[in-house]
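Counted from 1, the sequence shown has number 492 at position 194 by this note's numbering; the numbering is strictly sequential. Note that beta-carbon positions come from the ideal geometry of N, C-alpha and C, so glycine has one too.
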Amino acid sequence: MTTLNEIELSEIEELSLNFKETPRQDHSMTPVELCYFDDFATTLVVDAVLNFSTHKMCKKRRYLYGDEQRVARELMERFRKDQDFTPAIYGFLNMRSVRSFVEKLAFNKQLEFRDHIIRFLNVFHHDSGYTIQECTRYSLEGNQGAKLVATRAWYRGDKIQRLSGVVCLLSPQDEDTILQPEGSDFSVMYSNRKRCSTLWLGPGAYINHDCRPTCEFVSHGSTAHIRVLRDMVAGDEITCFYGSEFFGPKNMDCECLTCEKTKRGKFSTSDEEENDEPSALSEKRIKYGLRSRSRV
299 MTTLNEIELS EIEELSLNFK ETPRQDHSMT PVELCYFDDF ATTLVVDAVL
349 NFSTHKMCKK RRYLYGDEQR VARELMERFR KDQDFTPAIY GFLNMRSVRS
399 FVEKLAFNKQ LEFRDHIIRF LNVFHHDSGY TIQECTRYSL EGNQGAKLVA
449 TRAWYRGDKI QRLSGVVCLL SPQDEDTILQ PEGSDFSVMY SNRKRCSTLW
499 LGPGAYINHD CRPTCEFVSH GSTAHIRVLR DMVAGDEITC FYGSEFFGPK
549 NMDCECLTCE KTKRGKFSTS DEEENDEPSA LSEKRIKYGL RSRSRV
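Here it is as structure tokens:
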């Protein structure tokens, strides 16, 4: 007679063996599911490498217990060395906290959770052409955040194949439920075409703003890929343009590298910019800690 543990093991083996290194573009995750999946995946993969907690939707929730952080670090050390997805996925799904979370999901949701982990594993794959590093530039993150940087040359018009964002439409009810005023760090993109806000997570959420960006977001349904706008060499940061007033009127509080070089934004000494009052939209974004982007 087959035991429950054997069934669970069989499912974990199937999840670990039958997958694509670049997950399919469409998904059926709800905004709440995407939040939990993203928090768990970043905890397992990104935080295990950077050794600090990066942006989370549910800051008060704890995802790993006991020595599981050590296990996650060991799994990521091995993955970065041998580039083998299977033992990394199998190891993550066998962790006590992860199994407890996954066993409550329907099988199609288990697949989507696994695929979301794979998206983040690609951040550390040699073929991705980019990786993630600590970023100390932005005061709104307490000068401890993350950034994506190129690991090879990229040219205008290139699509960064293994880098994507995952998108969910946000209803007004979703915004009330998910967007908490205590400073949750997440990403919201406003779609002019759909005339609504969309939750933007996945590896693409680590892309920082710059007033002279190297890349742009290209949306297609429930995901978005990254297209190169300016030639890059290894070490260049992958950046996108969030909007002209994300950091206050005329981006007066922007701390990007371009503003530092041109003495604009937060680096400006202009009395005119210093005396500008924040708009209502700017105040709302500061209140919620939004990384909001506009898409035509």
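Worksheet item: Once you ignore the five residues that flank Tyr363 on each side, which residues in its own chain have a CB closer than 6 Å to its CB?
Response: Ser395
Worksheet item: What is the DSSP secondary structure of Leu467, counted as helix, strand or coil?
Response: strand
Item to complete: Determine the DSSP secondary structure at Glu581, reduced to helix, strand or coil.
Response: Its pLDDT being 38, under 50, Glu581 is placed unreliably in this model, and the value from its coordinates should be taken loosely. Glu581: helix per DSSP, three-state reduction.
Worksheet item: Tell me which same chain residues have a C-beta within less than 6 Å of the C-beta of Cys466, skipping the five on either side of it?
Response: Pro329, Leu332 and Leu497
Discussion item. Starting from Tyr388, trace the alpha helix (DSSP H) in both directions and tell me its first and last residue.
Written reply: Phe383 to Asn392
Item to complete: Could you check the C-alpha separation between Asp682 and Ile387 for me, to the nearest Å?
Response: Not covered by the structure: residue 682. The range shown for the chain is 299 to 594.
Worksheet item: Between Arg371 and the rest of its own chain, which residues show a CB-CB distance below 7 Å, the 5 nearest in sequence each way excluded?
Response: Ala346
Item to complete: For Arg525, write down the residues that DSSP places opposite it in a beta bridge.
Response: Lys457 and Glu514
Worksheet item: Is Ser326 helix, strand or coil by DSSP?
Response: coil
Worksheet item: Under a three-way DSSP split, which group does Val347 fall into?
Response: helix
Fill in: Cβ distance (whole Å) where Ser542 is taken to contact Val464 below 8 Å
No, Ser542 and Val464 are not in contact; Cβ-Cβ is about 25 Å, not under 8 Å.
Fill in: Distance between Ser314 and Asp413 (C-alpha atoms, nearest Å)
10 Å
Worksheet item: How many angstroms separate the CA atom of Thr341 from the CA atom of Asn506?
Response: 19 Å
Item to complete: Would you give the residue range spanned by the beta strand (DSSP E) that Leu446 belongs to?
Response: Gly443 to Ala448
Worksheet entry | Arg397 to Ser469 span [Cα, whole Å] | 30 Å
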